[in-house]
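Only one structure is covered here, and it is reproduced in the block below.
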Amino acid sequence: MDTFTFKDQTIHYEHRKGTSDRRHLIVVFSGFRPRGTFDLHGESSRNIKCDILWIEDWFEKNHAYYITTGGDLEVAEAVNALIEETRRKAQLEKNECTMLGFSKGGTGALYQALAYEYGNVIAVAPRMNFASANRQRNLDVFENITSLGTDEEVERLDRILPNLLEEKSSSSINIYLFSSQSDYQYATEIEPYISTYEQYGNFNYVQLNSPFVTDHIDVSRYSVPMVLSILTALAERAKLRFGRIESGDFARAQEGLGAPSIDKVALRNESIFSLDSASIANGKLYPNGVAFIKGNQALTYGSIQRWLILRSKENTKRFALGSLNDRGLSSKYFENEFCDYSKARFASMRQAGIDLAEIPDDVYEIGVALKHAGQSLTQMSVELIGQESYGISGDSIVEVKKTVTSTILVKRPLISETIHDPLFSLVSTWSTEGRIHVEGIYAIAGQPTPEWSDIQYFLVLRKAGSKNIRFTGLLAKDHKPEINNLVSDKYADYSKSYYTTPKYLGIPLQGIGKGSYEMFITRRTVGGVFTWKIEDLLVID
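Each residue of the sequence shown is one higher than the one before, counting from 344 in our numbering.
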């Protein structure tokens with residue numbers, strides 16, 4: 344991200360130059376987002392070939408709607424200075440620029456387009472009365488955009504956009520406005536100004552009337568495909584003129600138009616099972632996925648019951664799962680007509696994880712069982728969409744792994760079997776003031792380690808004469824190319840097969856009492872988990 348300074352304002356922005364001869368500049372004003380991120384960024388903008396300027400809305404200490412901090416307009420001036428510098432470098436005219444904004448960004452886009460008369464503006468669910476609205480909903484933002492926060496100041500700021508909209512009605516700006524009556528702010532931020540918008544020669548209004556749009560945030564998400572179409576046309580010098588339209592199935596129904604029935608989908612009894620992730624942390628499994636029967640509503644938390652199944656040859660364990668709200672599932676699995684699948688996502692109960700201490704060491708196939716719409720189904724061959732994972736649970740190491748046809752959970756002793764012919768050396772070890780350091784080579788022919796992620800090492804301490812592990816510490820790795828000369832396999836890279844403590848500074852021995860301890864180095868790769876016992880004992884006085 345780059346920076347631009349104007350007077351006392353510093354702007355963070357990103358500029359992507361055009362990749363063809365589409366001579367146009369799109370300026371993106373974002374809604375409320377984490378710092379350093381932008382709307383319409385990444386994959387969604389990949390096919391836009393003209394210049395794009397993303398501007399971050401962060402001034403002084405918070406958001407400013409790209410317009411003001413402390414009640415003055417210096418922020419808006421700074422934003423315009425950046426736009427103008429970018430435009431002039433690209434040798435573009437103002438009518439070859441489009442201001443685009445979503446929600447809060449729509450407010451900033453409207454201001455720049457109206458105040459400085461750029462050719463086009465696309466405003467998705469903009470807020471006109473941005474001062475009074477933030478006094479009610481976002482006090483931290485309100486304090487940033489105002490000086491004293493008096494009623495007079497709020498009224499003055501609230502009138503900035505409405506006044507501009509009235510003053511510039513004779514201009515040739517092409518306006519594309521998106522909104523929905525399902526947006527809670529429609530009655531105060533959109534409807535009162537429609538008649539003023541209509542005074543513009545090319546005002547185009549898309550009113551979303553869809554079951555997928557039930558709140559303010561849905562307006563932006565649903566609008567993206569058409570926004571991209573308008574942007575593409577404008578970059579081709581085609582100024583669209585379509586007037587006022589309604590989009591969505593509710594609009595079609597009002598016109599007496601039909602659609603295929605969801606009942607036909609339900610009759611298929613098609614089940615959806617997906618394990619999107621299965622991470623391990625603090626000895627617990629955190630599954631996250633989707634399980635439901637298509638064509639049947641999943642709009643309440645009790646509409647589906649689900650269980651995670653861990654099944655081995657010797658053991659079968661069943662754990663109740665909870666539901667998460669994911670409104671995007673209704674769109675992802677849409678077929679024929681809207682069906683609410685918003686509670687079809689599952690996770691562990693209260694997202695607290697599934698304690699793996701209660702299951703024996705074994706190899707388990709992961710499955711999911713469900714009860715939905717009066718039917719009971721179990722699916723054992725559930726594909727893991729996300730990354731494989733591993734972690735420690737008590738005296739065991741646990742791995743979630745993908746196979747050709749399923750997903751498995753492997754729980755095995757942390758002090759595992761020993762390969763009788765590894766390359767092992769203890770180069771150095773020391774302990775002092777509650778810390779211990781070990782380093783050396785632990786390589787196994789046939790298990791190369793060219794990448795840092797190919798191997799993990801653990802230091803394991805067990806009280807002498809006991810079977811209970813008292814300490815497990817994750818070790819670091821170092822790059823040692825000379826290891827390749829020591830392994831019998833001369834065709835592979837074993838350079839990361841060197842264990843050590845982070846920065847060679849040792850690791851803290853937490854919860855270790857006095858006594859003698861056996862020391863083990865356990866290594867984990869895709870080839871398995873293996874342990875080597877160090878001959879020396881660790882003695883803590």
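We put the beta carbon where it would ideally sit given N, CA and C, even for glycine. Note that this is a predicted model, so its numbers are computed, not measured.
Same chain only: Cβ atoms within 7 Å of residue i, ignoring 5 sequence neighbours per side
i      : result
Tyr536 : Met471, Pro505, Leu508
Ser673 : Phe555, Phe681, Cys682, Asp683, Tyr684, Ser685
Asn827 : Asp836, Tyr837, Ser838
Lys745 : Leu727, Glu731
Thr721 : Ile652, Gly710, Ala712
Lys360 : Asp394
Lys857 : Ile883, Asp884
Enclosing beta strand (DSSP E) for residue i [first to last residue]
i      : result
Ile503 : Not the beta strand (DSSP E): Ile503 falls in the alpha helix (DSSP H), residues 503 to 510.
Gln550 : 545 to 551
Phe873 : 871 to 883
Thr659 : 659 to 667
Tyr841 : 841 to 843
Gly734 : 732 to 736
Ile395 : 394 to 398
Lys745 : 739 to 745
Residue closest to residue i, alpha-carbon to alpha-carbon, out of the options
i      : options                        : result
Arg693 : Gly734, Leu453, Leu628, Asp884 : Leu628
Asp526 : Asp501, Gly737, Val467         : Val467
Phe347 : Asn463, Ile426, Thr539         : Ile426
Asp738 : His763, Thr750, Ala700, Leu727 : Ala700
Thr310 : Asp879, Gly448, Pro469, Glu460 : Given a span of 344 to 884 for the chain in the structure shown, any question on residue 310 remains unanswerable.
Ser796 : Phe593, Gly414, Ser732         : Ser732
Tyr408 : His367, Leu368, Gly451, Arg378 : Gly451
Phe473 : Ile465, Ile573, Tyr459, Ile488 : Ile488
Asn639 : Asp364, Ile615, Ile395         : Ile615
Asp704 : Ile735, Gln479, Arg580, Asn631 : Ile735
His406 : Ser373, Ala458, Gly871, Gln434 : Ser373
Tyr707 : Lys656, Gln790, Arg866, Tyr461 : Lys656
Cβ shell of residue i (< 6 Å), same chain only, five flanking positions each side left out
i      : result
Met344 : His355, Glu357
Ser861 : One detail in the question is off: residue 861 reads as Glu in this sequence, not Ser. Here the set comprises Arg805, Ala807.
Lys714 : Gln648
Through-space distance from residue j to residue i, alpha-carbon basis
i      : j      : result
Tyr611 : Ala716 : Correcting the residue type first, residue 611 is Arg in the shown sequence and not Tyr. Whole-angstrom Cα-Cα distance: 13 Å.
Ser553 : Ser620 : 31 Å
Gly777 : Pro851 : 6 Å
Ala641 : Leu752 : 29 Å
Asp446 : Ser387 : Residue 446 is actually Ser in this sequence, not Asp. The alpha-carbon atoms of Ser446 and Ser387 are separated by roughly 18 Å.
Thr441 : Trp397 : 12 Å
Gln542 : Asn463 : 16 Å
Asn390 : Ala786 : 47 Å
Lys350 : Ala421 : 8 Å
Lys607 : Gln718 : 17 Å
His559 : Val549 : 15 Å
Phe873 : Thr750 : 22 Å
Leu769 : Gly816 : 17 Å
Ser490 : Ser514 : 32 Å
Val633 : Glu678 : 17 Å
Leu482 : Gly413 : 14 Å
Tyr565 : Val741 : 41 Å
Arg365 : Arg376 : 29 Å
Ile855 : Tyr847 : 21 Å
Ser523 : Phe689 : 30 Å
Arg595 : Gln479 : 36 Å
Leu600 : Glu589 : 13 Å
Ile864 : Glu794 : 20 Å
Ala819 : Thr868 : 14 Å
Ala788 : Phe767 : 11 Å
Residues of its chain near residue i, where Cβ-Cβ distance is below 8 Å and the 5 sequence neighbours each way are ignored
i      : result
Trp773 : Ile779, His780, Gly849
Ala576 : Lys582, Leu583
Val725 : Phe616, Ser617, Leu618, Gly632, Ile709, Gly710, Val711, Ser749, Thr750
Span of the alpha helix (DSSP H), counted from its first residue to its last, around residue i
i      : result
Glu427 : 417 to 432
Asn672 : It is worth fixing the name first, because residue 672 is Leu in this sequence and not Asn. Its alpha helix (DSSP H) spans residues 671 to 675.
Val830 : From DSSP, Val830 is part of no alpha helix (DSSP H); its letter is neither H nor E.
Met862 : It is not in any alpha helix (DSSP H) - Met862 instead sits in the beta strand (DSSP E) that spans 858 to 868.
Pro568 : 559 to 578
Asp592 : 592 to 597
Open item on the list: List, from N- to C-terminal side, the beta strand (DSSP E) runs of 3 residues or more that fit wholly inside the stretch 752 to 821.
Closed with: 766 to 775, 778 to 786, 799 to 806, 812 to 817
- [ ] Go through the stretch 674 to 721 residue by residue and report every complete run of the beta strand (DSSP E) that reaches 3 residues or more, in order.
- [x] 688 to 691, 705 to 715
- [ ] Ignoring anything shorter than 4 residues or poking outside the stretch 472 to 531, list the alpha helix (DSSP H) runs there in chain order.
- [x] 473 to 480, 482 to 488, 494 to 501, 503 to 510
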